[in-house]
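Right, one structure below, let's go through it.
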């Protein structure tokens, strides 16, 4: 019989799942209230980044291994799917599966040497590996080097993941992706692996004393996180119709993948979605408003926003919603 | 006579030029409470970490239930049934008490519900039932020590290593802590305790091993230990200098 405390934990998880279903329904209905193509496009992008950042969160948030090289897995997913589609005529659904597999494998391989490093050194190593991959991609003729790959229109069909009016169907594609990533994080949170990863993040020595193998735990988290990121890359390629090393492997992309989770609340279920909901519109709108007038102002606005959020909400945007509960805990404590 | 649960055979360990342990040998019988005592710097922590698998000895070997465990690592030791606490507490600070203990419980229980049951059981045994939902970093120091014990207990150890769990407690807390240790032994768990405050330890233990300057000074029942001139010298020296 599970007692009071255990029941509280299980029912908290059920409430999260219920809330997830409600949010999913609201997001599914969102296009009904938003008519402009620009705004809809913005939402598609925000949903994609919510999913990507949740994928990053599996490794960076739950397991505490800060990767700044996730563009590598995104790029591998995007290129695998795009190449299979353009050169072999394979459906992107096969492509994203193959791409996810390859990027998961790459994350595993990157982890083998890099998880021997700890703390900041792991983050630095992932930056370097990401930059190496970007350089290789822009010089590798087999994948069109710096020219990139244009994905030709093979006719409107779900099989091809291509649509004449691309925005609305992709709203649902990205929503399913973000929802799936959320669900994976939810399952992990309640499972043995999830608890082991959080233990690894908090205290390696204590985790070992309880029988938690550190290295395999990190590798498993990295493989899942990398595979999930690769699938997002494949979806992005199909959505935009064009990828090149700049858009699929760049360091700035790695930062963009990590930021929503960090700003929204690292290692939390809702952080990546909240972070993406705030950051992606601000980033896109600041480009639209300031970008053309003077180069760099958009980035200053974006940077200033991140600083304000980091200073006022160091635990992330999710803490807005925990505010009252936490205050009560302080009063009682 | 039955084979001892733990056999320590000529263990030596140096850190640089400092010899932490020199040729230490003793046995621990199943079901006993053994005290590991000695002044600061006697090599207690080092030996403790060697038994727990956290560090490997330079020489010598340790057998646990007849199996060689020296050098196999902390994870393997935990799997074989050695649980431990840390002198400087190492809670998972972002997690609640229940979640902390769950990490330990998952060693034997693969499914979340089974792990929850085990975790709640040991939380109750350790007197933390009212604190299950509290985040670990909000606990008071004595509560954190209890959490360390609960977490280790959740792994269902045959041998429990307690590193100064009774140090720095008020007399009432220390009495409660001693009762907890007795209860654990009554469940059949073998216990090795490190303390450098002898008054707390002596009424609790069946036998003691005294270390000084990395060597084993002697072993025996508490009554023999307190009368031994070398123990008195080692201790008084430490106390007056410290």
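Chains as they are written, first to last, in the numbering used here: chain A, -1 to 331; chain B, 131 to 372. C-beta: ideal position from N, C-alpha, C; glycine also.
Other residues of its chain near residue i: CB distance less than 6 Å, five sequence neighbours each side excluded
i	result
residue 332 of chain B	352
residue 48 of chain A	176, 270, 271 and 274
residue 285 of chain A	296
residue 256 of chain A	54
residue 201 of chain B	186
residue 282 of chain A	40
residue 281 of chain B	230, 231 and 234
residue 307 of chain A	261
Expected contact under 8 Å - CB spacing of residue i and residue j to nearest Å
i	j	result
residue 181 of chain B	residue 192 of chain B	6 Å
residue 160 of chain B	residue 135 of chain B	4 Å
residue 100 of chain A	residue 78 of chain A	5 Å
residue 335 of chain B	residue 165 of chain B	4 Å
residue 237 of chain B	residue 208 of chain B	6 Å
residue 262 of chain A	residue 315 of chain A	5 Å
residue 58 of chain A	residue 131 of chain A	No, residue 58 of chain A and residue 131 of chain A are not in contact; Cβ-Cβ is about 18 Å, not under 8 Å.
residue 97 of chain A	residue 219 of chain A	So it is not a contact: roughly 19 Å between Cβ atoms.
residue 264 of chain B	residue 227 of chain B	6 Å
residue 84 of chain B	residue 355 of chain B	Residue 84 of chain B lies beyond the range of chain B shown here (131 to 372); nothing can be said about it.
Proximal residues to residue i (C-beta, below 8 Å), its chain only, five neighbours per side dropped
i	result
residue 44 of chain A	274, 275, 278 and 279
residue 125 of chain A	66, 67, 249 and 252
residue 4 of chain A	none
residue 165 of chain A	35, 38, 39 and 42
residue 197 of chain A	204, 205, 208 and 210
Residues near residue i in its chain [Cβ-Cβ closer than 7 Å; skip 5 each side]
i	result
residue 299 of chain B	272 and 307
residue 157 of chain A	89
residue 235 of chain B	245, 248, 249 and 284
residue 152 of chain B	142, 344 and 345
residue 28 of chain A	41
residue 136 of chain A	143, 144 and 243
residue 179 of chain A	49, 52, 53 and 226
residue 304 of chain B	296 and 330
residue 173 of chain A	25, 26 and 45
Reduced DSSP secondary structure (H/G/I, E/B, other) of residue i
i	result
residue 305 of chain A	helix
residue 323 of chain B	strand
residue 265 of chain B	strand
residue 168 of chain A	helix
residue 337 of chain B	strand
residue 357 of chain B	helix
residue 309 of chain B	helix
residue 137 of chain A	helix
residue 288 of chain B	coil
residue 258 of chain B	coil
residue 317 of chain B	coil
residue 173 of chain B	coil
residue 86 of chain A	helix
residue 41 of chain A	helix
residue 349 of chain B	strand
residue 139 of chain B	strand
residue 56 of chain A	helix
residue 165 of chain B	strand
Per-residue burial, residue i [other beta carbons within 10 Å of its own, 16 or more giving buried]
i	result
residue 154 of chain A	exposed
residue 242 of chain B	buried
residue 201 of chain A	buried
residue 138 of chain B	buried
residue 293 of chain B	buried
residue 118 of chain A	exposed
residue 13 of chain A	exposed
residue 133 of chain B	exposed
residue 267 of chain B	exposed
residue 147 of chain B	exposed
residue 214 of chain B	buried
residue 234 of chain A	buried
residue 287 of chain A	exposed
residue 287 of chain B	buried
residue 197 of chain B	exposed
residue 168 of chain A	buried
residue 56 of chain A	buried
residue 168 of chain B	buried
residue 278 of chain B	buried
residue 138 of chain A	exposed
residue 223 of chain A	buried
residue 213 of chain A	exposed
Suppose only complete runs of 4+ residues qualify. What are the alpha helix (DSSP H) ranges in the stretch 191 to 255 of chain B, listed by chain order? 204 to 210, 227 to 235 and 242 to 255
Can you list the beta strand (DSSP E) stretches of 3 or more residues lying completely in the stretch 208 to 287 of chain A, in chain order? none
Ignoring anything shorter than 4 residues, give me the alpha helix (DSSP H) runs that lie fully in the stretch 101 to 167 of chain A, in order along the chain. 118 to 137
Please identify, using Cβ separations under 8 Å, the residues of the stretch 181 to 211 of chain A that lie next to chain D, in order along the chain. Going by chain labels, chain D is absent from the structure shown, which instead holds the protein chains A and B.
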